[in-house]
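Structure first, commentary second.
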Ligand code: PEP
């Protein structure tokens, strides 16, 4: 049984005081998380303060990115060791904004995944097709290739429990969603690919999230799908009442 996972990606939003205020507002709304894990990925600058404040809540810490080396001459980058210092447990890898706006390649995602596994950070590897690929009908092939490249050379025995996020690029921050049925179809295919590359028990142990303009109204529709193990939420995670409703959608009768 895979525990549902709800992840807040704050992107480049919230100063430290704003982040703490948002966390406090959310913890007033959600005092316990019965049916799911909830992870916050604030900007790096808020990780320190957030990781202290989060101890009083049922929530967990994640980061939005990391470098694939532990240390060195990489000006402006963040080592996985810095994240571990701050009790960060999860890390987003290969978010489409990193891939599209900052030139992150499948090779970089692959190296980051190896390092996250080595450091026992739980990776949330993001994959998804562009609007053009969606229209051309190549979604499955694109995602299959992204998965293969991320897993190339990884030790199969180390892969149980890693997390994936299916995020169609055309749905991120656009207000457009894949339908729950479309997302289910892709995520089911992802699990099949993962089973081929690893094995069935390993693929079954991996949580696969949907992300892309998830709203409080639509959350339940996605969470009802048998292969969708949670949600990666951008915009709606910045509004406590909306994010609280998304968390509660994991508890509602299916
Ligand atoms: C995201 O940041 O991963 C995301 C899905 O954003 P939004 O919910 O705003 O589309």
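In my numbering, the protein residues as written are 2 to 255.
Each residue gets a CB set at the ideal place from its N, CA and C atoms; glycine is no exception.
From a predicted model like this one, the values you see are computed outputs, not experimental measurements.
{"Asked": "Through-space distance from residue 11 to residue 79, alpha-carbon basis", "Found": "17 Å"}
{"Asked": "Short Cβ contact (7 Å threshold) for residue 143 with residue 134", "Found": "yes"}
{"Asked": "Proximity of residue 171 and residue 137 at Cβ, strictly below 7 Å", "Found": "no"}
{"Asked": "Simplified DSSP state of residue 171, which is helix, strand or coil", "Found": "helix"}
{"Asked": "Whether residue 228 touches residue 189 by CB criterion (7 Å)", "Found": "yes"}
{"Asked": "Reference residue 119, options 32, 159, 23, closest by Cα", "Found": "159"}
{"Asked": "DSSP beta-bridge partners of residue 119", "Found": "According to DSSP, which records beta bridges pairwise, residue 119 is partnered with nothing at all."}
{"Asked": "Delimiting residues of the alpha helix (DSSP H) encompassing residue 17", "Found": "17-30"}
{"Asked": "Buried versus exposed, by CB contacts within 10 Å (16 or more), residue 101", "Found": "exposed"}
{"Asked": "Spatial neighbours of residue 202 in its chain, beta-carbon cut-off 8 Å, leaving aside the 5 residues before and after", "Found": "161"}
{"Asked": "Residue 48 - partner residues in DSSP beta bridges", "Found": "Answer by DSSP bridge pairing: none, since residue 48 is not bridged."}
{"Asked": "Alpha helix (DSSP H) segment containing residue 338, residue limits", "Found": "Residue 338 lies beyond the residue range present for the chain, which begins at 2 and ends at 255; the question has no answer from this structure."}
{"Asked": "Best match in 238, 115, 107 for proximity to residue 156 [C-alpha to C-alpha]", "Found": "115"}
{"Asked": "Span of the alpha helix (DSSP H), counted from its first residue to its last, around residue 9", "Found": "Segment 5-10 is the beta strand (DSSP E) holding residue 9; no alpha helix (DSSP H) there."}
{"Asked": "Through-space distance from residue 181 to residue 93, alpha-carbon basis", "Found": "22 Å"}
{"Asked": "Element boundaries [beta strand (DSSP E), containing residue 61]", "Found": "61-64"}
{"Asked": "Closer than 6 Å: residue 248 CB and nearest the ligand PEP heavy atom", "Found": "no"}
{"Asked": "Rounded Cβ spacing between residue 42 and residue 63 (contact assumed at less than 8 Å)", "Found": "4 Å"}
{"Asked": "At least 3 beta-carbon pairs within less than 8 Å: the region 47-54 vs the region 5-19", "Found": "yes"}
{"Asked": "Inter-residue spacing [alpha-carbon to alpha-carbon] between residue 54 and residue 139", "Found": "44 Å"}
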